[in-house]
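Contents: one structure, followed by commentary.
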Amino acid sequence: MTKGKPFSGKLKKQQLQAKREKKAQKELHAEAKYNAERDALAGLASSAPPQPVGPPPIEYMPTDVGFSGDLRTIFAKEPQAAIDARKKDATRALVMADDRGNSQSIYAYGLTDVRNQPPIPLRPHWSKHTSPDELAMAEEDAFREWLLQLHQTCVERRQQATPTAPSICSIPGSGVNAWEINSYERNLQVWRQLWRVIEKANVLVHLADSRCPLLHLSHRLIQHIQDDHPTKRVLILLTKCDFVVPERVDLWVKYIRDLYNVPVLTYSRDRVDESNTILLTTIGRLSEDTSYKKGRDEDLNAGTLMVGL
Numbered sequence: 096m097t098k099g100k101p102f103s104g105k106l107k108k109q110q111l112q113a114k115r116e117k118k119a120q121k122e123l124h125a126e127a128k129y130n131a132e133r134d135a136l137a138g139l140a141s142s143a144p145p146q147p148v149g150p151p152p153i154e155y156m157p158t159d160v161g162f163s164g165d166l167r168t169i170f171a172k173e174p175q176a177a178i179d180a181r182k183k184d185a186t187r188a189l190v191m192a193d194d195r196g197n198s199q200s201i202y203a204y205g206l207t208d209v210r211n212q213p214p215i216p217l218r219p220h221w222s223k224h225t226s227p228d229e230l231a232m233a234e235e236d237a238f239r240e241w242l243l244q245l246h247q248t249c250v251e252r253r254q255q256a257t258p259t260a261p262s263i264c265s266i267p268g269s270g271v272n273a274w275e276i277n278s279y280e281r282n283l284q285v286w287r288q289l290w291r292v293i294e295k296a297n298v299l300v301h302l303a304d305s306r307c308p309l310l311h312l313s314h315r316l317i318q319h320i321q322d323d324h325p326t327k328r329v330l331i332l333l334t335k336c337d338f339v340v341p342e343r344v345d346l347w348v349k350y351i352r353d354l355y356n357v358p359v360l361t362y363s364r365d366r367v368d369e370s371n372t373i374l375l376t377t378i379g380r381l382s383e384d385t386s387y388k389k390g391r392d393e394d395l396n397a398g399t400l401m402v403g404l
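Using my numbering, the first residue of the sequence shown is number 96, and each one after it goes up by one.
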């Protein structure tokens with residue numbers, strides 16, 4: 096057996112320094128690209144003629160995906176006409192309606208409508224032979240395509256919507272338009288975190304506020320896990336159950352369990368020990384149906400149960 100070559104502390108420092116410099120250069124390049132696209136979009140917005148309030152045209156669509164390690168939210172650039180219209184509307188005096196009815200209902204805004212939920216961006220196929228740079232480039236290209244497809248969907252829905260037959264939902268005077276879809280994350284770094292959690296975890300726990308679970312549950316995410324990762328198990332946990340009457344919590348549990356065919360548990364501050372015991376027991380039972388004991392090829396976590404929240 097040959098003796099390994101000594102690796103001095105000096106060489107180790109040089110290696111670490113080289114890695115830091117390479118990472119810094121990569122982040123500077125990505126940040127410069129991010130700023131260039133942002134400035135270009137700002138120039139388009141300032142020079143464009145006033146437009147009626149509606150979805151921004153394709154040239155306003157940001158295609159930047161953030162740069163390494165940055166989890167800041169990226170916002171879409173709005174036309175100046177939309178900003179001016181909102182400022183003008185904010186000067187109106189507030190007037191209470193004689194009969195508000197369901198005007199305060201969150202469900203009236205269509206946020207819980209599955210048709211308004213954007214699809215989950217899929218991570219490109221990769222293997223242990225894929226280099227980090229190749230994977231990063233493939234992810235960025237796929238994510239840009241996803242952003243453009245979502246914007247095109249908004250444009251098509253707006254064209255199909257009419258005052259007499261809106262495509263999904265519209266509330267006069269509320270600022271809710273039929274062509275809009277729910278807000279979605281535009282930073283690739285955030286989606287990368289989700290991809291890695293789903294890939295690593297054996298059991299995924301989806302948290303939802305029991306006061307309005309449908310507002311917090313992502314139908315697209317649950318569907319994505321069940322369809323594209325059939326070996327994973329999903330558990331839905333309703334939180335803050337001590338704020339809701341037990342009868343209503345029980346109805347939510349039954350409704351969600353029937354809807355997704357997954358275990359639905361409740362968590363209450365008043366019964367922390369009991370809630371923890373039931374949660375851990377259920378996770379352990381679900382893990383028996385997964386392949387966590389086998390693990391992936393050369394996976395350091397092989398044989399370790401991984402839980403994603």
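Note that CB positions come from ideal geometry on N, CA and C, so glycine has one too.
Going by C-alpha positions, Pro341 is about 25 Å away from Leu404.
Residue burial annotation: Thr334 is buried, with at least 16 other C-beta atoms found within 10 angstroms of its C-beta. Burial check for Glu369: the Cβ neighbour count within 10 Å stays below 16, so the residue is exposed. Using a Cβ-Cβ distance cut-off of 8 Å, the segment 275 to 293 and the segment 356 to 372 are not in contact, since fewer than three pairs of beta carbons, one from each stretch, lie closer than that value. Annotated as distal: Arg218 and Glu229, with beta-carbon spacing of 8 Å or more. Take the alpha-carbon of Val359 and the one of Leu243: they are about 35 Å apart. Contact between the segment 204 to 214 and the segment 275 to 282 is present: three or more C-beta pairs spanning the two stretches fall below 8 Å. Separation of Val285 and Phe238 (C-alpha to C-alpha, rounded to the nearest whole angstrom) is 12 Å. Residue range Val298 to Asp304 is occupied by the beta strand (DSSP E) that includes His301.
Residue Arg328 holds the alpha-carbon nearest to the alpha-carbon of Leu381 among Gln109, Arg328, Ala231 and Asp304.
Here Pro174 is buried: its Cβ has 16 or more other Cβ atoms, across all protein chains shown, within 10 Å. Per DSSP, reduced to three states, the secondary structure at Val340 is coil, with no helix or strand assignment.
In this structure, Leu332 keeps its C-beta atom at 8 Å or more from the C-beta atom of Tyr355. According to DSSP, residue pairing for Leu332 in a beta bridge involves Leu302 and Leu360.
Taken through DSSP and simplified to helix, strand or coil, Gly205 comes out as coil.
At the C-beta level, Leu330 and Val348 stay beyond 8 Å of one another. The beta-carbon distance between Leu312 and His301, rounded to whole angstroms, is 7 Å. This is short enough to meet the 8 Å contact definition.
Here DSSP, grouped into helix, strand and coil, assigns Val292 to helix.
Distance between Ala113 and Cys336, taken at the CA atoms: about 52 Å.
By the neighbour-count criterion, in which 16 or more other beta carbons inside 10 Å mark a residue as buried, Ser222 falls on the exposed side. In this chain, Ala188 is not harboured by any alpha helix (DSSP H), its DSSP state being neither H nor E. Leu206 and Leu310 do touch by the CB rule: their CB atoms are close to 6 Å apart, below 8 Å. CA-to-CA, the gap between Thr225 and Lys117 works out to about 19 Å. Val209 places its beta carbon less than 8 Å from that of His314. In terms of Cβ geometry, Arg366 and Val339 do not form a close pair [threshold 8 Å].
For the pair Val298 and Val402, the CB atoms are nearer than the 8 Å cut-off.
Residue range Val367 to Ser382 is occupied by the alpha helix (DSSP H) that includes Asn371. Sequence-distant partners of Pro308 (beyond 5 residues in either direction) whose C-beta falls short of 7 Å from its own C-beta, in its chain, are Leu333, Trp347 and Ile351.
Rounded to whole angstroms, the separation of the alpha carbons of Arg287 and Asp236 is 13 Å. Under DSSP, Gly403 shares a beta bridge with Leu299. Counting along the chain, the unbroken alpha helix (DSSP H) around Glu251 starts and ends at Pro227 to Gln255.
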